[in-house]
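Undergrad:
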Amino acid sequence: MLSAEIFCANCGAANKPEDDYCFACHEPLQHASAPVAVSTAPAKQLLRQRYRVLERLGQGGMGSVYKAEDTELGDRPVAIKELSQRGLNQQESREAEESFKHEALLLAGLMHPNLPRIYENFSESGRWYLVMDFIEGETLEEYLVKRGGKLPWSEIYEIGIQLCSVLQYLHTRPTPIIFRDLKPLNVMLTPNHQVYLIDFGIARLFKPGQAHDTIAFGSPGYAAPEQYGKSQTRPSADIYSLGAMLHQMLTGIDPSTTPFAFSKVPNIPISLQALLDQMLDLNPGKRIAYVEMVREALQRINSKNSTLLSSANRVATAPASQNRPATPVYTPPTTSQPATPKLSYVASRINQSTSAGTASATGVAASQSKSNAAPDFNGSKPGYQSFVYVPGTYSPDPDQNTNTPLSEPVMPDSYIGKSVRTYPGHMGIVTSLCWSPSSQQIASAGKDRTVQMWHVRGGGQMQIYAGNLENSRSSSIEAVAWSPAGKLLASASDDGIVQVWTSDSLQTRFTYRQPRQHMHALAWSPDGEWLASASNASLHIWKALNGETIASREAGYGTINSVAWSPATNNLVLGYEERIVEVMNLTQQRSWKREAIYRGHQAAVNKVAISPDGTQVASASADKTVQVWDTTSGQRRLSYHGHTAAVYTLDWSPDGQNLVSASADGTIQIWDANDGTLRFTHPSHNPTVYAIAWSPDGRYIASSAHSQVHVWQASDK
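Per my numbering, residue 969 is the first one in the sequence shown, and the count goes up by one each step.
1. Which residue from Ser1559, Ala1572, Thr1555 and Gln1557 puts its Cα closest to that of Leu1542?
2. Roughly how many whole angstroms lie between the Cα atoms of Pro1364 and Lys1232?
3. Does Arg1558 pass the burial test, meaning 16 or more other C-beta atoms within 10 Å, or should it be called exposed?
4. Under 8 Å by Cβ, that's how I've got Ala1532 and Leu1490 pegged, so tell me the actual separation to the nearest angstrom.
5. State the Cα-Cα distance for the pair Val1596 and Ser1589, rounded to the nearest angstrom.
6. Look at Val1677 and Thr1226 and say whether their C-beta atoms are less than 9 Å apart.
7. Just list the residues that DSSP pairs Ala1564 with in beta bridges.
8. Return the CA-CA distance between Lys1151 and Leu1112, expressed in angstroms with no decimal places.
9. Does the beta-carbon of Gln1603 have 16 or more other beta-carbons within 10 angstroms, so that it is buried, or is it exposed?
10. Could you check the C-alpha separation between Thr1649 and Val1628 for me, to the nearest Å?
11. Which of helix, strand or coil does DSSP assign to Ala1491?
12. DSSP puts Pro1045 in a beta bridge; with which residues?
13. Pick helix, strand or coil for Gln1676, following the three-state DSSP scheme.
14. Using a Cβ-Cβ cutoff of less than 7 Å, which residues in the same chain neighbour Ser1493 once the five nearest sequence positions on both sides are dropped?
15. Using CA coordinates, which residue listed in Ala1586, Pro1084 and Ile1518 is at the minimum distance from Ile1103?
16. Around the C-beta of Ser1471, are 16 or more other C-beta atoms found within 10 angstroms, so that it is buried, or is it exposed?
17. If I follow the unbroken beta strand (DSSP E) through Thr1649, where does it start and stop?
18. Are the Cβ atoms of Asp1206 and Leu1266 separated by less than 9 Å?
19. Would you report the Cα separation of Phe1068 and Val1099, rounded to the nearest angstrom?
20. What residues in its chain sit with their C-beta under 8 Å from that of Val1388, if we drop five residues either side in the sequence?
21. For Met1395, is the classification buried or exposed, using 16 other Cβ atoms within 10 angstroms of its Cβ as the cut-off for buried?
22. Is the beta carbon of Gly1414 sitting closer than 9 Å to the one on Ile1445?
23. Following the continuous alpha helix (DSSP H) through Glu1123, name the residue where it begins and the one where it ends.
24. How far does the beta strand (DSSP E) with Met1421 in it extend, from its first residue to its last?
25. Candidates Glu1260, Ala1505 and His1609: which alpha carbon is nearest Leu1138's?
26. In three-state terms, what does DSSP make of Gly1666?
27. Using only alpha-carbon positions, find the residue among Ser1061, Trp1121 and Gln1162 that is nearest to Pro1655.
28. Pick out whichever of Gly1094, Val1448, Glu1109 and Gly1189 has its Cα sitting closest to the Cα of Leu1015.
29. Do Arg1202 and Pro1237 have their C-beta atoms closer together than 9 Å?
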């Protein structure tokens, strides 16, 4: 979206078009003498002899955004952002062009599920164009208006976690990127609630040691107060903006109506109010410094208070007026009522606490003049394990900070869903992943034609197996599997090649070829001697170290999407595109015997997994179900209907008591394998989770998310 906001020439704050004075510094605003007509690209015009313009999606004072088709790639829909320089003087034109190119360069090097991809930028007929993903949906601002200004907790949590994910990605780039303009207008929401951060026009790179930003920018109500000064903006400014958005979604109050003043939110847990207070602290030195702390806090709050929050934050169905006056949503208790103690944040390895109260707008200058300068952000993090909430000493004066250090946390440091590591090493969608038998390492494969080995806790060096890159016809690695002894790995590509290589030296031991076949799945025999490879046409069993064929058979029901080897027998389970699951036994005579056939699904079977004791099969299907059935009889024991879209993948817990499944509905769910009771829904919302694996020791789950892998705790122990 392009905005018609007016930026203050003195401090850079973004003001509404009808304002005459800057809300931040109160200096007069310089309005254009007359509106400039923006020349827009007519519908059906062909830009760069490639992009056919279909319609204009939005227009601002500097240009427009269009929906178009890429005629060179099958009329793929794209969005094209146009910068028009008509009506600008030479200096303004140069600044606008630099800002436009800056956005293109920033986005071109980024890859994250919550960011649009940039395809190219070019100039034509005196205008600059930026070609990017077309995102089907609406802005969060539009969505809020439709929902009456505020949202139920489940949606707030879902949106908040996704924003934490993308901000953490930006803040942890080799050179950190601060977005600086986080607000509902710059957040797109797709129909399945995938969040996209858009409009990087004022995002900037953080440079350690630099004292000032070149230009100050911000949107009223959402921008941190330091953005209107001349100091360099830090990542904590984005945390302030996120806090303002969370407050708005909880209360329905637009922060631009009362900048820097946020009322208490009624009927929410103390821990959530404390989190908001810390995010919205006007002193950047006292504000939460890292967005991953915010994400961990939200996850903890949700896991402990989801029922309370759901009942306390119901929304009205009637739309609220966009121009309603700001009204208080909280009345402070009288002196006769018990006061709520203030909360502080204490790191389990740092014996200190900070104020949880948000300073009043009138006290900003005084508090900032007394405080020390915020520490330089250099990409490193203090030695903390996890930030938790502990009660501080109550003060009758809400603006009086009574920092009483307390060393013992009252909330557990360990909880289900807690992020252990996010691995961003791939340049394409992650298709498969597996754990080492020791639960210390993960091997992940993707459409970037690489298999990458890395340590879960971040130690050691990341290693890339280069053997797959030598296959010129390969465009994707579809499967990777670790041998039971941990000394070998196998990877299968879409050009019919399976490679076996050592886990320590990454040396290729054998290459097995099945020409003109697309490999989809691999499975090791329990003793690690044999490999099963499944494709669109056949199943092959062969010796891992010399390629000797043990047995083979044609695919009985179309493409074999998944294969699993029983932990104690020579039974293999095959999941087919044609809705069928077979249990086949490889006899001592190396012939095939069908043990069972399962026909319970109504659509393609995407993934099969055998329980650790070998008695049950769980099959995930495009029919939105996971079905659990007996390996011998094929009798169904359970049908799980917790997902609302195709289920891509699943895995058993090592003790066989639970299953974890991921779906196109964007959810990852842990549920009881005996009765289907939902135990946990992972907070990340991503419809591209194609691979998931439970660690052998049962402590962690690794799940893909587009080009990333997230490792998180599987229990609260």
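Glycine included, C-beta positions come from ideal geometry on N, C-alpha and C.
TA: Taking the coordinates as given:
1. For the purposes of this step, residue 1542 is identified with residue 574 of the sequence shown, where counting begins at 1. Closest by alpha carbon: Ala1572.
2. Residue 1364 sits at position 396 when you count from the first residue of the sequence shown. Residue 1232 sits at position 264 when you count from the first residue of the sequence shown. Any reading at Pro1364 must be qualified, since the residue scores a pLDDT of 30, below 50, and its modelled position is unreliable; no value is offered.
3. For the purposes of this step, residue 1558 is taken as the residue at position 590 of the sequence shown. Arg1558 is exposed by the Cβ-count criterion.
4. Taking the sequence shown and counting its residues from 1, the one referred to as residue 1532 is at position 564. Taking the sequence shown and counting its residues from 1, the one referred to as residue 1490 is at position 522. Rounded to the nearest angstrom, the Cβ distance from Ala1532 to Leu1490 is 10 Å, too far for a contact under 8 Å.
5. If you number the sequence shown from 1, residue 1596 lands on position 628. If you number the sequence shown from 1, residue 1589 lands on position 621. Cα to Cα, Val1596 sits roughly 12 Å from Ser1589.
6. Here residue 1677 refers to the residue found at position 709 of the sequence shown. Here residue 1226 refers to the residue found at position 258 of the sequence shown. Not closer than 9 Å, so no.
7. Mapped onto the sequence shown, residue 1564 falls at position 596. BP columns for Ala1564 point to Val1551.
8. For the purposes of this step, residue 1151 is taken as the residue at position 183 of the sequence shown. For the purposes of this step, residue 1112 is taken as the residue at position 144 of the sequence shown. Going by C-alpha positions, Lys1151 is about 12 Å away from Leu1112.
9. For the purposes of this step, residue 1603 is taken as residue 635 along the sequence shown, with counting starting at 1. By the 10 Å Cβ count, Gln1603 comes out exposed.
10. Locating residue 1649 in the sequence shown gives position 681, counting from the first residue. Locating residue 1628 in the sequence shown gives position 660, counting from the first residue. Each residue's Cα considered, the two are about 9 Å apart.
11. Taking the first residue of the sequence shown as 1, we reach residue 1491 at position 523. Strand, per DSSP.
12. Against the sequence shown, residue 1045 aligns to sequence position 77. Glu1037.
13. Position 708 of the sequence shown, counted from the first residue, corresponds to residue 1676. In the structure shown, Gln1676 adopts extended strand secondary structure according to DSSP, grouped into three states.
14. Reading the sequence shown from its first residue, position 525 is the one you call residue 1493. Only residues of its own chain outside the window of five on either side were considered, and among them Trp1533 have a CB closer than 7 Å to the CB of Ser1493, listed in chain order.
15. Residue mapping note: residue 1103 aligns to position 135 of the sequence shown, counting from 1. For the options Ala1586, Pro1084 and Ile1518, the alpha carbon positioned closest to that of Ile1103 is the one of Pro1084.
16. The count along the sequence shown starts at 1 and reaches residue 1471 at position 503. So Ser1471 counts as buried.
17. Here the question's residue 1649 lines up with position 681 in the sequence shown. Bounds of the beta strand (DSSP E) holding Thr1649 are Leu1646 to Thr1649.
18. As a working mapping, residue 1206 is identified with position 238 in the sequence shown. As a working mapping, residue 1266 is identified with position 298 in the sequence shown. Taking 9 Å as the Cβ cut-off, Asp1206 and Leu1266 do not qualify as a contacting pair.
19. For the purposes of this step, residue 1068 is identified with residue 100 of the sequence shown, where counting begins at 1. For the purposes of this step, residue 1099 is identified with residue 131 of the sequence shown, where counting begins at 1. Phe1068 and Val1099 have their C-alpha atoms some 12 Å from each other.
20. Numbered from 1 along the sequence shown, position 420 holds the residue referred to as residue 1388. Closer than 8 Å at Cβ, skipping near neighbours: Val1424, Arg1425, Tyr1668, Val1679, Trp1680 and Gln1681.
21. Along the sequence shown, read from residue 1 onward, the residue named residue 1395 stands at position 427. Exposed: under 16 other Cβ atoms inside 10 Å.
22. Here residue 1414 corresponds to residue number 446 of the sequence shown, with the count starting at 1. Here residue 1445 corresponds to residue number 477 of the sequence shown, with the count starting at 1. By the CB criterion at 9 Å, Gly1414 and Ile1445 fall inside the cutoff.
23. As a position in the sequence shown, residue 1123 is number 155, starting the count at 1. In the DSSP assignment, Glu1123 falls within the alpha helix (DSSP H) that extends over Trp1121 to His1139.
24. As a position in the sequence shown, residue 1421 is number 453, starting the count at 1. According to the DSSP assignment, Met1421 belongs to the beta strand (DSSP E) that extends over Val1419 to His1423.
25. For the purposes of this step, residue 1138 is taken as residue 170 along the sequence shown, with counting starting at 1. Of the candidates Glu1260, Ala1505 and His1609, the one whose C-alpha sits nearest the C-alpha of Leu1138 is Glu1260.
26. Taking the first residue of the sequence shown as position 1, residue 1666 is located at position 698. Looking at Gly1666 - three-state DSSP - the assignment turns out to be coil, as it is neither helix nor strand.
27. The count along the sequence shown starts at 1 and reaches residue 1655 at position 687. Among Ser1061, Trp1121 and Gln1162, the Cα nearest to that of Pro1655 is on Gln1162.
28. Taking the first residue of the sequence shown as 1, we reach residue 1015 at position 47. Selected option, being the one with the closest Cα: Gly1094.
29. As a position in the sequence shown, residue 1202 is number 234, starting the count at 1. As a position in the sequence shown, residue 1237 is number 269, starting the count at 1. No, Cβ-Cβ distance for Arg1202 and Pro1237 is not below 9 Å.
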